[in-house]
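Structure, as structure tokens:
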Amino acid sequence: DSSRGHREMTRAALRGGVKVIQFRDKNASDEEMILIGRRLREITKGKTLLIINDRVNVAKAIDADGVHLGKSDLSIAEARRILGKEKIIGASANTAEEAVAVAQKGADYIGLGPIFATPSKEDAAAPAGIEAVRKTISEFKKRRIETPLIVIGGINETNAASVLEAGAQGIAVISAVSKSKNMKEAVEKLLGITHSFRKTS
699 DSSRGHREMT RAALRGGVKV IQFRDKNASD EEMILIGRRL REITKGKTLL
749 IINDRVNVAK AIDADGVHLG KSDLSIAEAR RILGKEKIIG ASANTAEEAV
799 AVAQKGADYI GLGPIFATPS KEDAAAPAGI EAVRKTISEF KKRRIETPLI
849 VIGGINETNA ASVLEAGAQG IAVISAVSKS KNMKEAVEKL LGITHSFRKT
899 S
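With this note's numbering, the residue at position 187 of the sequence shown is 885, and numbering never jumps.
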């Protein structure tokens, strides 16, 4: 059952209290993504948001909450036309300039990264560092852009607070949870960091 790993990770993340799950599988066909995605939709429905990485057609087929677009995917406008106004459309950016551009094109949130070196993506760009977060937040303030900035790329328990202090509204992780011995505990620890930061900021 090719969906087992995805389902186990999703259930563990839900038990840990995660707010959004992004389903990403670069090697799966659209048909496989739809089959697995339907299973994940059953698990997440009414509990957390399910976002599909890259594939707008899969997001539409399983009635996901939204899609996350990479730079080589469909445009935000085209994805919006296919999915409708109610769905969430996120977009990737490697730099402050790219983040501003996709925010101005109507993305509901920006995934900025990689901030640190990441083992999860072999084709990832060079790490942008915390300075990229600060610069993006500064550029957003100048232009009165209020699009949430979510950071990704090598985020873990030891550096999550630093990116939040730099101004990011949220964090996205892969290996910090998927490669941990206890995924539920890993999620709880990361959420604890974000919650404690919000209370003090």
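Just so it is clear, CB atoms sit at the ideal spot from N, CA and C, and this is done for glycine as well.
- In the DSSP assignment, find the beta strand (DSSP E) that holds VAL800 and state where it starts and stops. The residue labelled residue 800 in the question sits at position 102 within the sequence shown. Element bounds for VAL800: not the beta strand (DSSP E) but the alpha helix (DSSP H), 794-802.
- Item | Residue span of the beta strand (DSSP E) that contains LEU738, given as start and end | For the purposes of this step, residue 738 is taken as residue 40 along the sequence shown, with counting starting at 1. It is not in any beta strand (DSSP E) - LEU738 instead sits in the alpha helix (DSSP H) that spans 728-742.
- Task: May I have the straight-line CA-CA distance separating ALA794 from GLY865, to the nearest angstrom?
- Result: Within the sequence shown, numbered from 1, the residue matching residue 794 stands at position 96. Within the sequence shown, numbered from 1, the residue matching residue 865 stands at position 167. Across the structure, ALA794 and GLY865 are spaced so that their CA atoms are roughly 13 Å apart.
- Candidates PHE814, ILE835, LEU847 and ALA775, of which the one nearest THR856 by Cα: As a first step, residue 856 is located in the sequence shown; it is residue number 158 there, counting from the start. Here the closest residue by C-alpha is PHE814.
- Nearest neighbour of MET707, chosen from LYS758, ALA823, ALA775 and ALA874 [CA to CA]: Within the sequence shown, the letter at position 9 stands for residue 707. Looking at the Cα atoms, ALA874 is the closest of the given residues.
- Counting pairs of Cβ atoms below 8 Å between the region 836-851 and the region 883-890, do you hit three or more? no
- For LEU862, name the three-state secondary structure that DSSP assigns. Within the sequence shown, numbered from 1, the residue matching residue 862 stands at position 164. In the structure shown, LEU862 sits in a helix (DSSP, three-state: H, G or I).
- Item | Unbroken beta strand (DSSP E) run spanning LEU747, endpoints | Here residue 747 refers to the residue found at position 49 when the sequence shown is read from its first residue. Element bounds for LEU747: 747-751.
- Item | Option nearest MET731 by Cα separation, candidates ALA801, LYS839, VAL800 and ALA759 | The residue labelled residue 731 in the question sits at position 33 within the sequence shown. Per the Cα distances, ALA759.
- Message: Quick check on the burial criterion: 16 or more other C-beta atoms within 10 angstroms. Buried or exposed for PRO812?
- Response: Start at 1 with the first residue of the sequence shown, and residue 812 comes out as number 114. So PRO812 counts as buried.
- Message: Using only CA atoms, which one of ARG841, ILE853 and ASN755 lies nearest to PRO825?
- Response: As a position in the sequence shown, residue 825 is number 127, starting the count at 1. The shortest Cα separation from PRO825 among ARG841, ILE853 and ASN755 belongs to ILE853.
- Tell me the DSSP bridge mates of ASP766? Along the sequence shown, one-based indexing puts residue 766 at 68. Note on identity: in this sequence residue 766 is His, with Asp being the wrong assignment. Answer by DSSP bridge pairing, in chain order: ASN751 and GLY788.
- Message: I'd like the span of the alpha helix (DSSP H) that includes ILE828, first residue to last.
- Response: Mapped onto the sequence shown, residue 828 falls at position 130. From DSSP, the alpha helix (DSSP H) with ILE828 extends over 828-841.
- Segment limits, beta strand (DSSP E) that includes LEU847: To locate residue 847, count along the sequence shown from 1; it is residue 149. Residues 847-850.
- Query: Can you list, in chain order, the residues of its chain whose CB lies under 6 Å from that of ILE750, leaving out five sequence neighbours each side?
  - Reply: Residue 750 sits at position 52 when you count from the first residue of the sequence shown. Taken in chain order, the residues that qualify are PHE721, VAL756, ALA757, ALA762 and VAL765.
- Which two residues bound the contiguous beta strand (DSSP E) that contains LEU810? In the sequence shown, counting from the first residue as 1, residue 810 sits at position 112. 807-810 is the extent of the beta strand (DSSP E) around LEU810.
- Query: Taking Cβ positions, are ILE808 and VAL861 nearer each other than 8 Å?
  - Reply: By one-based count along the sequence shown, residue 808 stands at place 110. By one-based count along the sequence shown, residue 861 stands at place 163. No, Cβ-Cβ distance for ILE808 and VAL861 is not below 8 Å.
- Query: Near LYS803, what residues of its chain come up, given a Cβ to Cβ distance below 6 Å and the 5 sequence neighbours on each side ignored?
  - Reply: Counted from its first residue, the sequence shown places residue 803 at position 105. ILE774, listed in sequence order.
- Query: By DSSP, does ALA671 sit in helix, in strand, or in coil?
  - Reply: Examination of residue 671 is not possible in this model, given that the chain is present from 699 through 899 alone.
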